[in-house]
Amino acid sequence: MTTESTSVPSSPGPWPAAGPAFGLASLAPRRRTAGRLVLPRHRAAADRPFPGPAVLRSVDCLAVLAGAALLAPVHRDPRLLLPVAALLLVLDGRGGLYRPAAHVRLLDELPALASRAGVVWCVAAAAVAAWSPALAMGPLRLAGAYGVHVGVAAVLRAVLLARGRRIARERPRSALVVGPPAAARRFAAAAGRHPEYGMRPVGIVGLPEHTVGEQRPVEPGPPLLTTPEEVHRAVIQNAVREAVFLVDEPELVTLLQHYGCVTWRVGGDRREGPMGEHVWGYARRRLVPAAAGRHGARAKRVLDVALAGPAMLAALPVLAVCALAVRLSDGPGVLFRQERVGQHGRHFTLLKFRTLRPSDETESATRWNVAGDRRMSAAGSFLRKTSLDELPQLWNVLRGDMSLVGPRPERPYFVAQFSRVHTGYASRHRMPVGLTGLAQVHGLRGDTSIEDRARFDNHYIDHWSLWQDVCILVRTAAGLVRPTGS
Numbered sequence: 001m002t003t004e005s006t007s008v009p010s011s012p013g014p015w016p017a018a019g020p021a022f023g024l025a026s027l028a029p030r031r032r033t034a035g036r037l038v039l040p041r042h043r044a045a046a047d048r049p050f051p052g053p054a055v056l057r058s059v060d061c062l063a064v065l066a067g068a069a070l071l072a073p074v075h076r077d078p079r080l081l082l083p084v085a086a087l088l089l090v091l092d093g094r095g096g097l098y099r100p101a102a103h104v105r106l107l108d109e110l111p112a113l114a115s116r117a118g119v120v121w122c123v124a125a126a127a128v129a130a131w132s133p134a135l136a137m138g139p140l141r142l143a144g145a146y147g148v149h150v151g152v153a154a155v156l157r158a159v160l161l162a163r164g165r166r167i168a169r170e171r172p173r174s175a176l177v178v179g180p181p182a183a184a185r186r187f188a189a190a191a192g193r194h195p196e197y198g199m200r201p202v203g204i205v206g207l208p209e210h211t212v213g214e215q216r217p218v219e220p221g222p223p224l225l226t227t228p229e230e231v232h233r234a235v236i237q238n239a240v241r242e243a244v245f246l247v248d249e250p251e252l253v254t255l256l257q258h259y260g261c262v263t264w265r266v267g268g269d270r271r272e273g274p275m276g277e278h279v280w281g282y283a284r285r286r287l288v289p290a291a292a293g294r295h296g297a298r299a300k301r302v303l304d305v306a307l308a309g310p311a312m313l314a315a316l317p318v319l320a321v322c323a324l325a326v327r328l329s330d331g332p333g334v335l336f337r338q339e340r341v342g343q344h345g346r347h348f349t350l351l352k353f354r355t356l357r358p359s360d361e362t363e364s365a366t367r368w369n370v371a372g373d374r375r376m377s378a379a380g381s382f383l384r385k386t387s388l389d390e391l392p393q394l395w396n397v398l399r400g401d402m403s404l405v406g407p408r409p410e411r412p413y414f415v416a417q418f419s420r421v422h423t424g425y426a427s428r429h430r431m432p433v434g435l436t437g438l439a440q441v442h443g444l445r446g447d448t449s450i451e452d453r454a455r456f457d458n459h460y461i462d463h464w465s466l467w468q469d470v471c472i473l474v475r476t477a478a479g480l481v482r483p484t485g486s
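Going by full-length UniProt numbering, the residue at position 196 of the sequence shown is 196; the numbering climbs one at a time, nothing skipped.
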């Protein structure tokens with residue numbers, strides 16, 4: 001542990017005791033290997049809100065084609081219509097017109113639809129006139145194309161949105177409500193009385209600071225869930241699709257998004273979100289996935305494979321020498337395998353060169369620092385000081401257990417302890433763990449402040465970029481000339 005931290009509890013209870021941490025690692029979904037629960041698969045298309053983004057984009061493309069029917073033949077050239085449609089898709093997407101919503105009505109979206117269509121057709125007319133003044137669109141034809149476009153888009157959207165509301169009423173989506181039990185029950189009751197919002201509350205997640213002295217409800221209604229295991233079971237058994245947060249809980253938001261749930265924030269700033277985005281007067285806004293996002297995660301993975309693969313091949317001679325040194329000095333068992341906690345609390349087996357043979361499994365899992373242990377051989381001490389004992393973790397990177405850059409992984413025992421003592425520690429599992437990270441390049445390695453490490457790790461996650469990963473890797477490489485060990 002750290003020299004400045006307070007003592008940690010010896011027997012972790014059901015919830016973290018400090019800060020907003022929800023016990024992310026203990027709640028994390030795992031695949032069924034030895035009686036463990038299974039992470040739900042990605043939702044089938046039929047299980048997603050209707051109409052989905054693909055359907056709404058198709059409507060916009062049809063509206064462009066319908067509007068173009070009033071133009072002169074020369075203006076119906078695909079070389080003109082394709083850029084028009086592409087620009088419209090970008091503008092409507094940026095404006096949030098493709099987001100799934102069960103209770104949005106056409107009148108709520110009509111101003112945004114009409115204004116963006118007007119911008120697109122004006123840009124198209126200006127581009128044609130600039131390219132060839134002789135082919136400029138006449139104002140009447142342009143107005144007609146715009147009017148037909150808006151009319152077709154409005155009619156089709158009205159039909160689709162009406163069908164979406166009917167589907168939402170007939171097949172409401174299971175939801176969890178997170179927050180103080182009394183307020184959460186009021187929201188759940190309102191959502192239950194009004195099925196047109198497409199939400200069926202199946203559980204109320206009471207956080208530790210909100211459930212002190214709280215009794216289990218005896219009246220009919222969603223059950224109160226007070227432990228990570230109860231939440232996990234509710235998600236699996238009820239096929240939970242949505243989560244509504246009455247309070248800010250970023251760790252739980254991240255985890256439920258990982259389950260595939262749509263997450264909402266109710267309350268907060270009532271001016272946020274469009275007029276139609278509410279549940280019986282409760283203003284709500286959608287919480288988009290934080291950190292790198294889907295495309296950023298893919299780019300990060302590509303960078304990992306592109307660098308870790310060649311690095312491992314280039315390091316093969318060094319790996320062989322290190323393995324031989326460990327074998328000669330410490331005997332059989334060159335590699336040391338240890339369970340660590342990765343992204344979203346998943347456990348994986350981390351590889352290192354063995355620098356010390358622990359007396360038993362308990363020592364391996366619970367001893368914090370072995371840097372000054374007299375049992376360490378000269379070879380082991382050298383490997384730790386130069387961080388060469390970490391080289392086998394390139395294989396963990398290639399396997400997808402880790403990333404090159406990210407929060408350093410820790411053992412489950414210490415994750416449970418630190419999550420209870422240090423606010424925000426559980427949040428650092430929102431992204432893949434790494435060989436190096438922002439905390440490490442700032443000197444936070446070995447027996448240093450856990451609170452400071454967690455702060456740096458969360459800052460890295462909240463401001464992630466691919467370029468930042470490259471910068472951290474460069475700084476790590478530069479730091480190898482003055483190794484201190486970890």
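Glycine included, every Cβ here is placed at the ideal spot set by N, Cα and C. All of these numbers come straight from a predicted model, not from anything done at the bench.
- L444 sits in coil when the DSSP states are folded into three classes, being neither helix nor strand.
- For H149, the closest C-alpha among the options T436, G406 and A66 is that of A66.
- Between L287 and D330, the alpha-carbon positions lie close to 52 Å from each other.
- Relative to P250, the option among A69, P432 and G424 whose CA is nearest is G424.
- Of the residues L356, H344 and L335, the one whose Cα lies closest to the Cα of L350 is L335.
- Secondary structure within the segment 144 to 173: not one fully enclosed alpha helix (DSSP H) run of 4 or more consecutive residues is present.
- Of Y259, L252, E229 and G342, the smallest CA-CA separation from V240 is found for Y259.
- Note that the C-beta distance between V247 and G179 is below 8 Å.
- By the neighbour-count definition (other C-beta atoms within 10 Å, threshold 16), Q343 is a buried residue.
- Shown here, M199 sits in a strand according to DSSP, grouped into three states.
- DSSP places H459 inside the alpha helix (DSSP H), whose first and last residues are I450 to D462.
- The Cβ atoms of V59 and L161 do not sit closer than 8 Å to each other.
- Note that the segment 310 to 327 touches the segment 374 to 391; at least 3 beta-carbon pairs, one per stretch, sit closer than 8 Å.
- The beta carbon of S377 sits closer than 6 Å to the beta carbons of S329 and D330 from its chain, once the five residues preceding and following it are set aside; these are given in chain order.
- Uninterrupted alpha helix (DSSP H) stretches at least 4 residues long and entirely within the segment 298 to 336 occur at 316 to 330, given in chain order.
- Closest in C-alpha terms to R79, from the list D108, R105 and W131, comes W131.
- For the pair of segments examined, the segment 295 to 312 was found not to touch the segment 224 to 234: the number of CB pairs separated by less than 8 Å stays below three.
- Going by DSSP, Y282 is part of no alpha helix (DSSP H) but of the beta strand (DSSP E) stretching over Y282 to R286.
- Shown here, E251 sits in a helix according to DSSP, grouped into three states.
- Under DSSP, F348 forms a beta bridge with R340.
- Take the alpha-carbon of E451 and the one of R346: they are about 22 Å apart.
- The three-state reading of DSSP puts R428 in helix, counting H, G and I together.
- In this structure V152 is buried. Its beta-carbon is surrounded by 16 or more other beta-carbon atoms within 10 angstroms.
- In the structure shown, L81 adopts helical secondary structure according to DSSP, grouped into three states.
- Under the three-state reduction of DSSP output, A416 falls in the helix class.
- Excluding sequence positions up to five before and after W395, its CB lies within less than 8 Å of the CB of M312 and L351, all in the same chain and listed in chain order.
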